[in-house]
Structures are given as C-alpha cells and as structure tokens.
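Heads up: the structure comes next, in structure tokens.
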Amino acid sequence: MASKKTKTAAQVRAAQGGKRPFYALVAVIMIVGISTLSYMSSRPKSVSYLDTSVAPIANTGHVIGSDSAPVEVVEFGDFECGACGSFANLTEPDVRARLVLTGQVRFRFMDYPLPNHRYSGPAHMAAWCASEQGKFWEMHDALYQNQDRWPRPRAERVLAELAQRIGVGMEQYDACMATGKYAAQIKANYEEGNRRGVGSTPTFFFGRKAIAQVVGFDEFKANVDTMVLAAKAAAAATKKK
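With our numbering, letter number 5 in the sequence shown gets 1, and the count goes up by one each step, no holes.
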C-alpha cells in the first residue's frame, strides 16, 4: 500500500496561495448575487393593467361634448392600435369640430388595451394620470400622434416626455404612474368591452349598433343621424302615451 507523503509548511502555503484567485472570484459572485436579489426585491413591481386580482369597480370613460347632446357614441380603443391611431389622427378631428363642438353628439372613449400589445397598458395609465389634471384628451392626442415613438422598451420615459410636453405636473403624474392608481378602472372598462362583445379595436357603438373597424367621417355622421332620428321618434312616441 502506498503511503501518503507529508507536505511541508511551504508546500501548504503555496497550495493555498494558488487557490486565492478562485476564492476571490467566488466572493465576487456571491456579492453580485446578493446585490441583485436585493435590487429585485426593492424595485417597484410592474403593474398588471388587466390583473384579475384587482377589485372590480364601475366602468366609465372619458367624454368630450355636451351633456345635452341628443346622442352619444362610444369607442373602445387601444393606444397601441394602428387602426385606432388612423381614426384618431384622420377622422376624429372632423368628428370633434363638426359634430361634437356643434352639440350634435357626445363622444366617449373607453379603455380596451389588447393583451398582445405590450406597451398599451402603460399608455392607458398615462392617459388616466394626465386626466387627474384635466389633460386626458391632450394626452390621448399626443399618444396617437406619437405612436412611432413610445411602443418600445422604456416606454414610460417617452410617455413622461409627452405628459410634460402637454403641461402635466410631473410630480403628481409620476406618483400616479408609480402606484398604478387606475389599474382597476382600466380593467373595468376592458371588461365592459368584453361584456359588449368587443373583440378588436377600434370598435364603435352607435347606440346598440357596433362597428368593429375604422370609420370615415361620412359613415360616422350617417350613423349619428340615424341615432338622432331614432331618439326623436322615441321621444315623440313617449309624448303620445
């Protein structure tokens, strides 16, 4: 049987010295790992804008137009949706100028952020946070006019730039975004869309009639005119009773 050789003190020190770089590397890895875990546990959690754990509340939306307008049109829209952007940028300006501001129609925007649109949720939250300061429609327009800028990583930074550009107070805006204050409201509006059978954006409701596509001004006005006639007929029938 072979006997083990006894190492000298010098040999032991040499062996230990050779392992020092290895021990140093292990220590560095441990420190980095602990720091990473600490950062991940302390960083703000991302908000799930359609989180099923959010308590349900009444659905609502953002309205432009007079309360005395004879009819209301409802759009379920997604800020990352290209077709919604086309309507907002090309048709909606005429709708507002020729129908809303003249008192013929009231227009309501309802959140419907599509689950496959990664950056839509933060954009809807940004619009709600801007609405706290009376700037929803300004943010609505800025989001659609800049669709080529914000639907990408670090979207929140561009959203904040847009909010600042339209005159939103940033301290209040940042606090609103950090807490995901309107997650329950966005979820409620999304679920209202599901209840109505919305499956794509934009979807417009002219009374009970739903149109799931971009509509031009002429088609929009024709549907409004039909609603107005129906409302007048219903009012006349009520008076006869």
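Cβ atoms here follow ideal geometry from the backbone N, Cα and C, with glycine treated the same way.
What residue range is occupied by the uninterrupted beta strand (DSSP E) comprising residue i?
i	result
LYS205	205 to 207
ARG104	102 to 107
ILE60	58 to 60
When the Cα of residue i is compared with those of the options, which residue comes out closest?
i	options	result
VAL70	ALA226, TYR108, ARG145 and THR175	TYR108
ALA151	TYR169, MET121 and TYR115	TYR115
HIS120	SER64, ALA179, THR234 and ALA208	ALA179
ASP63	TRP124, LEU158, ASN55 and GLY99	GLY99
MET135	ALA227, GLU215, ALA65 and ALA159	ALA159
ASP90	ALA227, TRP133, ASP214 and MET223	ASP214
TYR169	TRP133, ALA122 and ALA184	ALA122
VAL96	GLY61, LYS177, CYS172 and ALA171	GLY61
PHE103	ALA93, VAL194, PRO66 and VAL59	VAL59
So what does residue i bridge to, in DSSP terms?
i	result
GLY73	ASP107
THR199	PHE72
Can you grab the Cα-Cα spacing for the pair residue i / residue j, in whole Å?
i	j	result
GLN129	LYS237	46 Å
LEU225	ARG192	24 Å
GLU68	GLY203	7 Å
VAL101	HIS113	30 Å
ALA156	THR234	50 Å
PRO118	TRP146	10 Å
GLN181	ALA218	32 Å
GLY212	GLY189	22 Å
GLY73	ALA229	30 Å
MET106	ALA232	31 Å
TYR186	SER127	18 Å
PHE132	VAL220	24 Å
LYS184	ALA171	Correcting the residue type first, residue 184 is Ala in the shown sequence and not Lys. Looking at the two C-alpha atoms, the distance is approximately 22 Å.
GLY176	TRP124	10 Å
ASP47	PRO111	Only weak support exists for where ASP47 lies, its pLDDT of 45 falling under 50; the coordinates are left without a value.
ARG148	ALA174	19 Å
ARG39	ARG153	Per-residue confidence for ARG39 stands at a pLDDT of 29, beneath the threshold of 50, marking its modelled position as unreliable; the derived number appears in the next sentence. Their Cα atoms are separated by approximately 17 Å.
ILE207	PHE216	10 Å
LYS205	ASN55	20 Å
GLY57	ARG161	23 Å
ARG92	VAL194	24 Å
ALA227	ASP144	40 Å
Taking the continuous alpha helix (DSSP H) assigned at residue i, which residues delimit it?
i	result
TYR169	166 to 175
GLY117	116 to 127
ALA93	That residue, ALA93, is in no alpha helix (DSSP H); it is neither H nor E in DSSP.
PHE216	213 to 236
ALA184	179 to 191
GLY78	78 to 82
ALA156	151 to 161
LEU139	132 to 141
Closer than 8 Å, CB to CB, is residue i near chain D or not?
i	result
VAL67	Protein chains in the displayed structure number just one, and chain D is not present.
task: Count the CB pairs spanning the region 129 to 143 and the region 83 to 102 that are closer than 8 Å, and state whether there are at least three.
output: yes
Stretch pair the region 191 to 200 + the region 74 to 81: three plus CB contacts closer than 8 Å | yes
Check whether the region 161 to 173 touches the region 86 to 100, counting contact only when three or more Cβ pairs, one atom from each stretch, lie closer than 8 Å.
no
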